[in-house]
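As structure tokens, the structure follows; a few thoughts come after it.
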Amino acid sequence: MLSKSILIAALLLAGCSYGFAGGGFPPEIRTAAVLPFENDTADPTLVQQVAQSVREAVERRLGLRSASEARADAIVRGRITRYEPDVPIAFTGGGGTGVNRTTDVAVTRRLVQMSVDVEIVEQATGKVLFQARSMNLEGQYEPGREADGRRIALELLINKIVTGAQSQW
């Protein structure tokens, strides 16, 4: 009975040989540096939010460790090419007919729209590991809650980067 317990414990400790390093990248890619994205928009705060979201995704979802540009196996860079924070998409009011017709219209839903280019490059060889141009992202929100729409759009960006990067390998 004791030898059976020891055998089971040894098997559990040994585990399997599978490991998750680099979330779909070649095994030599273990670290990444997320460079500040270029910003073609009028919103200077967007760069920091995009970089932070991408950095968290690279670390948590792709399994790469953060590193300085000089030490990183891969470089993540990109450009924010468009940002429209206040696109009205749903309205109320303006109903009725004849004398009872009202012209008051209120916006009940708005939309954040952004377009982003992203590239992940192996530093040693210059090989492009992942590239996406003009990723169009949207996030709906209630008036006065633009941050909610931006958060939704950033989550969509992260999902597209992770899915695209993992499908390359």
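Start counting the sequence shown at 0; every next residue gets the next number (numbering that gives the first Met the number 0).
Note that beta-carbon positions come from the ideal geometry of N, C-alpha and C, so glycine has one too.
Bear in mind that the values here come from a model prediction, so they are computed numbers and not experimental data.
Can you have a look at residue i and say buried or exposed, based on whether 16 or more other CB atoms are within 10 angstroms of its CB?
{"i": "Ser52", "result": "buried"}
{"i": "Gly92", "result": "exposed"}
{"i": "Arg81", "result": "exposed"}
{"i": "Pro142", "result": "exposed"}
{"i": "Asp85", "result": "exposed"}
{"i": "Gly148", "result": "buried"}
{"i": "Val138", "result": "Note on residue identity: the sequence assigns Gly, not Val, to residue 138. Buried, by the Cβ-count rule."}
{"i": "Ala56", "result": "buried"}
{"i": "Phe36", "result": "buried"}
{"i": "Asp103", "result": "exposed"}
{"i": "Asp39", "result": "exposed"}
{"i": "Val212", "result": "Only positions 0 to 168 of the chain appear in the structure, and residue 212 is not among them; the question remains open."}
{"i": "Phe90", "result": "exposed"}
{"i": "Ala164", "result": "buried"}
{"i": "Ala152", "result": "buried"}
State the CB to CB distance for the pair residue i and residue j, rounded to an integer number of angstroms; the pair is presumed to be in contact (CB under 8 Å).
{"i": "Val161", "j": "Arg76", "result": "About 17 Å; that fails the 8 Å criterion."}
{"i": "Ala31", "j": "Ala66", "result": "7 Å"}
{"i": "Arg109", "j": "Ile88", "result": "6 Å"}
{"i": "Met134", "j": "Val117", "result": "7 Å"}
{"i": "Asp72", "j": "Gln122", "result": "6 Å"}
{"i": "Val49", "j": "Val115", "result": "7 Å"}
Once DSSP output is grouped into helix, strand and coil, what is the label at residue i?
{"i": "Asp85", "result": "strand"}
{"i": "Ser65", "result": "strand"}
{"i": "Leu34", "result": "coil"}
{"i": "Gln165", "result": "helix"}
{"i": "Arg70", "result": "coil"}
{"i": "Glu121", "result": "strand"}
{"i": "Arg59", "result": "helix"}
{"i": "Arg29", "result": "coil"}
For residue i, write down the residues that DSSP places opposite it in a beta bridge.
{"i": "Glu137", "result": "Gln112"}
{"i": "Arg78", "result": "Glu37, Asp116"}
{"i": "Gly148", "result": "DSSP, once it has assigned bridges, lists no residue as partnering Gly148."}
{"i": "Gly92", "result": "Val104"}
{"i": "Gln130", "result": "Glu118"}
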